[in-house]
Each structure stands twice: as C-alpha cells, then as structure tokens.
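Be aware that the sequence shown starts at 0, since it is given in numbering that gives the first Met the number 0, and climbs by one per residue.
We treat Cβ as the ideally placed atom computed from N, Cα and C, and that holds for glycine.
Given the structure is predicted, the values throughout are model-derived calculations rather than measurements.
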Amino acid sequence: MLIGNKVVLRAWAQEDLPALQALRNDFPLQRQLMAQPKGNSLEQVRAWLNARTQAADAVFFIIADKTSNQALGYVQLLDLNPLHGTGRLGICIGPQAQGRGCGGETLSLLASYVQDVFGLRKILLEVLANNQGAIRLYLRHGYREVGRWLQHFHTGNGYADVVIMEKLLTA
Numbered sequence: 000m001l002i003g004n005k006v007v008l009r010a011w012a013q014e015d016l017p018a019l020q021a022l023r024n025d026f027p028l029q030r031q032l033m034a035q036p037k038g039n040s041l042e043q044v045r046a047w048l049n050a051r052t053q054a055a056d057a058v059f060f061i062i063a064d065k066t067s068n069q070a071l072g073y074v075q076l077l078d079l080n081p082l083h084g085t086g087r088l089g090i091c092i093g094p095q096a097q098g099r100g101c102g103g104e105t106l107s108l109l110a111s112y113v114q115d116v117f118g119l120r121k122i123l124l125e126v127l128a129n130n131q132g133a134i135r136l137y138l139r140h141g142y143r144e145v146g147r148w149l150q151h152f153h154t155g156n157g158y159a160d161v162v163i164m165e166k167l168l169t170a
C-alpha cells in the first residue's frame, strides 16, 4: 500500500467492483484511454482484475480516496523491463475525482515505488493528442513529449494522433 496526502494506492477488493465496472463501462472515458470499450459485467471486471494483478511484468493498484477508501480509479505499469529499466504507464481516474490532485499524487507515488522496488529508470506512456488535460498533468510531473504517431488511433469517427511521452526517474 502506498499512502499519499489525498490517495492510497492499494490492491483491489471485492467492494471496488461496482466502481471499476462503472469506469470500464464509461465508453467516452475508455476511448480517451485508447481502450476498445465494450460492456463489462461484474464477473468480466473481476477476471480483468485477476489478469492484471497476476501478470509477471506489471504492477496494478487501485487509486482510492485516502479518507473514504472509495475506489477513484486505477493505475498500472505494464511491460516492466528490468534490463532496460522501463515500464509503460496506464492510468484511469473517474470524472468525479479529476482536477483534485489525485492524478498527480498517483503519478508521484507510483514513480517512487517503481524506482525503489524495481529499479526502473524510465516510465513511458501514450496519450491521445486531444487529451490536453492529461498532457498538462504529465508535463507538470516531469514527463516530456518524445514523439507522435500521426492518425494512429481509431476513434470511431476517424483517426487521432497519439503523443508519446517519457519520464526519466534518475537525473
């Protein structure tokens, strides 16, 4: 468990399933995260959580409100590569928790954790170019743009550019 001032990063629990199901079934949110949204039952969410938390090359946490312990979202680092010291970030915070500093604190807690525990030196991420709120958040927390894939992600009514960003954990 990682404890911040606003959030706690913790393992998932059964009581998180309804909140996570709502996030997984929020199609506009899932499209912003570059997922291929489809309806999820509670059982499908449970299976997804089990797969995420059992992966040998990944770290997965629930982002929970520090006071209420209510699930606000989730954060994961995928494709952990000890040789290269890299991992690929994925973060989802529900609309009700956005703009409150939860995302920034989550990024800081996760970066410290993966650097200390796994010896990672770099976090990579991909974000839709039109997701300016997320891009501003990443820039404020030390990420930099290192490239773009033009017309890369199918949005349902065309193709969108994807921004590639990284953060070096050791300077």
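Where the alpha helix (DSSP H) containing residue i begins and where it ends
{"i": "residue 147", "result": "First-last for residue 147: 143 to 153, but that is the beta strand (DSSP E), not the alpha helix (DSSP H)."}
{"i": "residue 132", "result": "131 to 139"}
{"i": "residue 23", "result": "16 to 23"}
Sequence-distant residues of the same chain with beta carbon closer than 7 Å to residue i, five excluded per side
{"i": "residue 101", "result": "5, 6, 62, 71, 92"}
{"i": "residue 85", "result": "119, 121, 123"}
{"i": "residue 75", "result": "51, 57, 58, 59, 89"}
{"i": "residue 31", "result": "127, 130"}
{"i": "residue 136", "result": "102, 103"}
DSSP state of residue i mapped onto helix, strand, coil
{"i": "residue 115", "result": "helix"}
{"i": "residue 157", "result": "coil"}
{"i": "residue 75", "result": "strand"}
{"i": "residue 109", "result": "helix"}
{"i": "residue 12", "result": "coil"}
Member of the options whose CA lies at the smallest distance from the CA of residue i
{"i": "residue 22", "options": "163, 11, 77, 44", "result": "44"}
{"i": "residue 127", "options": "89, 65, 46, 49", "result": "89"}
{"i": "residue 117", "options": "94, 82, 99", "result": "82"}
{"i": "residue 147", "options": "131, 125, 132", "result": "125"}
{"i": "residue 151", "options": "136, 36, 111, 162", "result": "162"}
{"i": "residue 17", "options": "9, 136, 41, 36", "result": "41"}
{"i": "residue 47", "options": "69, 28, 73", "result": "73"}
{"i": "residue 65", "options": "15, 39, 13, 3", "result": "3"}
{"i": "residue 142", "options": "159, 0, 169, 12", "result": "169"}
Closer than 7 Å to chain B by CB, residue i
{"i": "residue 85", "result": "In the structure shown, chain B does not exist; there is a single protein chain."}
Contact set for residue i: own chain, Cβ-Cβ below 8 Å, skip 5 residues either direction
{"i": "residue 56", "result": "77, 78, 79, 80"}
{"i": "residue 99", "result": "5"}
Residue i, enclosing beta strand (DSSP E) - first and last residue
{"i": "residue 124", "result": "121 to 127"}
{"i": "residue 8", "result": "6 to 9"}
{"i": "residue 87", "result": "85 to 92"}
Cut-off 6 Å between Cβ atoms - residues of its own chain near residue i, not counting five sequence neighbours on either side
{"i": "residue 133", "result": "126"}
{"i": "residue 145", "result": "163, 165"}
**OP:** Let me know the alpha helix (DSSP H) ranges lying completely inside the stretch 27 to 61, each 4 residues or longer, listed in chain order.
**Re:** 41 to 53
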